[in-house]
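Participant:
Put into structure tokens, the structure is as follows:
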């Protein structure tokens, strides 16, 4: 069946370090991926997305890498700051057909940034 | 920046009671969603809504759940007879295309006692 999962449930880094959060997906039909940040008591906040016709996309301090060969997605955060501490989720949309935008979320990684 | 607004932020209800969770999606969006997140777990899809009807629903979305867009701006989730296991954060989301541009609300924390 379809699933999106994460390799590491928790990640602790020092302020200023780079962080890498990983995600594996199993649905080869997935063609759109999103990284969300969720702070305590809040809804998922969009960070960055990538379509399956790309293997890398950069934003402000964040980069998403997509490896379709091994069905792997990663989020890189440069110069991590204490305000980056949150739970990070990947989500995928298998798109098209009868899927009206249903997102499948991974389990989440807790990122803790120490000052 | 446009937001998805959800009310109330927290709802406490007794088991067996009906609850209605309310959402105001972004005005020019056409696709609407409800998701659920049990404490400490991942976000789970409940239902999608397009063109005034349910387009897809998960196994979680059984007969006790219903959705409605009563007036062209609000989007509601009704749980007819709440159970303890319905306690969760409920998130509303909307998208202009059903493919990209999803925006989530801040959620309603439902506590069933």
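Chains as they are written, first to last, in the working numbering: chain A, 3 to 117; chain B, 529 to 641.
Glycine included, C-beta positions come from ideal geometry on N, C-alpha and C.
These figures come from a predicted structure and were not determined experimentally.
Determine the extent of the beta strand (DSSP E) in which residue 59 (chain A) is found, giving its start and end residues.
Facilitator: Working through the first chain from its first residue, we reach residue 59 (chain A) at position 57. Looking at the DSSP string, the run of the beta strand (DSSP E) that includes residue 59 (chain A) is 58-60.
Participant: If you draw a straight line from the alpha carbon of residue 9 (chain A) to that of residue 23 (chain A), how long is it in whole angstroms?
Facilitator: On the first chain, residue 9 (chain A) is found 7 positions in, with the first residue counted as 1. On the first chain, residue 23 (chain A) is found 21 positions in, with the first residue counted as 1. Only weak support is given to the placement of residue 9 (chain A): the predicted model assigns it a pLDDT of 45, under 50, and the value that follows is read from those uncertain coordinates. Each residue's Cα considered, the two are about 8 Å apart.
Participant: Express the C-alpha separation of residue 637 (chain B) and residue 576 (chain B) in angstroms, rounding to a whole number.
Facilitator: For the purposes of this step, residue 576 (chain B) is taken as the residue at position 48 of the second chain. For the purposes of this step, residue 637 (chain B) is taken as the residue at position 109 of the second chain. Those two C-alpha atoms are separated by around 20 Å.
Participant: For residue 628 (chain B), which beta-bridge partners are listed by DSSP?
Facilitator: Position 100 of the second chain holds residue 628 (chain B). None; residue 628 (chain B) has no bridge partner.
Participant: Return yes when the Cβ of residue 75 (chain A) is within less than 8 Å of the Cβ of residue 90 (chain A), no when it is not.
Facilitator: Residue 90 (chain A) sits at position 88 when you count from the first residue of the first chain. Residue 75 (chain A) sits at position 73 when you count from the first residue of the first chain. Not a contact, by the Cβ cut-off of 8 Å.
Participant: Straight-line CA distance for residue 104 (chain A) to residue 620 (chain B)?
Facilitator: As a position in the first chain, residue 104 (chain A) is number 102, starting the count at 1. As a position in the second chain, residue 620 (chain B) is number 92, starting the count at 1. Approximately 12 Å between the Cα atoms of the pair.
Participant: Under 8 Å by Cβ, that's how I've got residue 546 (chain B) and residue 588 (chain B) pegged, so tell me the actual separation to the nearest angstrom.
Facilitator: For the purposes of this step, residue 546 (chain B) is identified with residue 18 of the second chain, where counting begins at 1. For the purposes of this step, residue 588 (chain B) is identified with residue 60 of the second chain, where counting begins at 1. The pair is not a contact, with the Cβ atoms about 18 Å apart (cut-off 8 Å).
Participant: Would you kindly check if the distance between the Cβ of residue 64 (chain A) and the Cβ of residue 49 (chain A) is under 8 Å?
Facilitator: Counting from 1 along the first chain, the entry for residue 49 (chain A) is found at position 47. Counting from 1 along the first chain, the entry for residue 64 (chain A) is found at position 62. It is a contact, given that the beta carbons lie within the stated cut-off.
Participant: Which bits of chain B does residue 34 (chain A) rub up against, with CB to CB less than 9 Å?
Facilitator: Here residue 34 (chain A) refers to the residue found at position 32 of the first chain. Residues of chain B passing the Cβ test: 627 and 628.
Participant: Is the shortest distance between the beta-carbon of residue 570 (chain B) and the beta-carbons of chain A less than 8 Å?
Facilitator: In the second chain, counting from the first residue as 1, residue 570 (chain B) sits at position 42. By this cut-off, residue 570 (chain B) is an interface position.
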